[in-house]
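Residue numbers (our numbering): 289 to 650.
Dropping the structure here:
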């Protein structure tokens, strides 16, 4: 494909749309060319604010031939229909997390992707954090040796007012789940990225503390295909909210980290290169901490439209632009997006059945 800008349309103009606008505005090689929402007044207002055509029907958007990519930011269970239409039109899709709320629905998307030749990219921005990518590379190369166990701790806080703010929030049919499927899926994705394929899980969940259908608390014990075991703890009751983090324990050392912060790393008899890598990570982190503490209040980047919000989507958009131009898969594919949903829905199945073990397919 030529080096012209890749044209993006945003489908779903709710709470997440401003982060999509920011990313498209800031990403190299991307431009916003259309918006779409079933609410006519919202579509019109946002289209006028952005200076682009607006639509209330995905079919009409596609018929206008204004886009190469559609970002999907509708409520969780409403990803399938617009994404299928976009793929069937031969256009690429960037889908918010979760990709969909069941693996059966995701498999429909993957089949459409295979038929169309277009690409599915998933919004898991934690994988794009420099620390996460560096650690993943080092650990894959054996920095911690054989992984024995790992744990993921998800500590969000959501009030009853948050759930009451939208009829779909906290419901099985549309939200698809609670502290894991909605808030915690970023940490779940990162955990699986490091630990590998889950073979079996047992779990308990509850909806304590809130008047909602889905879980506010979840605990799971997973067995991985490499023989390692893992623990996952999640909640949306942790006032005032704490940083989610992951711990890994291997034959040559241990570490604890969030997506962009190394809490600790201790290595057994590291090589000079490994010791240097550890010190580089720590010194880079210290530099970032100093810069952050000395930085003035953050201003909106030049050229950013009113209402745009930076939530880490820019590198995802840039990667998709490059993937389209290079005719390669995006960094986080639909197949990768399926893994976290498969794990989370297996947790729900185990919890519904008295913590019975649930085996996962490949």
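Just so it is clear, CB atoms sit at the ideal spot from N, CA and C, and this is done for glycine as well.
Between the CA atoms of residue j and residue i - distance to the nearest angstrom
| i | j | result |
| --- | --- | --- |
| residue 342 | residue 383 | 19 Å |
| residue 319 | residue 313 | 7 Å |
| residue 301 | residue 364 | 13 Å |
| residue 501 | residue 564 | 49 Å |
| residue 630 | residue 392 | 10 Å |
| residue 434 | residue 638 | 28 Å |
| residue 450 | residue 307 | 19 Å |
| residue 627 | residue 336 | 38 Å |
| residue 580 | residue 413 | 20 Å |
| residue 351 | residue 648 | 40 Å |
For residue i, three-class secondary structure by DSSP
| i | result |
| --- | --- |
| residue 412 | coil |
| residue 598 | coil |
| residue 343 | strand |
| residue 557 | coil |
| residue 319 | strand |
| residue 300 | coil |
| residue 437 | strand |
| residue 474 | helix |
| residue 644 | coil |
7 Å CB neighbourhood of residue i in its chain, flanking five on each side removed
| i | result |
| --- | --- |
| residue 304 | 361, 384 |
| residue 400 | 372, 375, 376 |
| residue 524 | 444, 445, 446, 466, 467, 471, 504 |
Close Cβ partners of residue i (< 8 Å) along its chain, the five nearest in sequence each way excluded
| i | result |
| --- | --- |
| residue 459 | 500, 501, 502 |
| residue 294 | 317, 318, 319, 356, 357, 608, 609, 612, 613 |
Limits of the unbroken beta strand (DSSP E) element including residue i
| i | result |
| --- | --- |
| residue 357 | 357-360 |
| residue 617 | From DSSP, residue 617 is part of no beta strand (DSSP E); its letter is neither H nor E. |
| residue 542 | 541-545 |
| residue 510 | 505-512 |
| residue 686 | The structure shown has nothing for residue 686, since the chain only spans 289 to 650. |
Opening and closing residue of the alpha helix (DSSP H) in which residue i lies
| i | result |
| --- | --- |
| residue 308 | 305-314 |
| residue 423 | 418-428 |
| residue 335 | 328-338 |
| residue 449 | 448-452 |
| residue 490 | Segment 486-494 is the beta strand (DSSP E) holding residue 490; no alpha helix (DSSP H) there. |
| residue 624 | 622-640 |
Cross-strand partners of residue i (DSSP beta bridge)
| i | result |
| --- | --- |
| residue 443 | 523 |
| residue 566 | None; residue 566 has no bridge partner. |
| residue 400 | In the DSSP output, where bridge partners are listed per residue, residue 400 has none listed. |
Check: residue i C-beta below 8 Å from any heavy atom of the ligand FAD
| i | result |
| --- | --- |
| residue 602 | For the structure depicted, the ligand FAD is absent and the ligand set is empty, with no information on it obtainable. |
Close-in-space but distant-in-sequence residues of the same chain around residue i (CB under 6 Å, 5 per side omitted)
| i | result |
| --- | --- |
| residue 569 | 550 |
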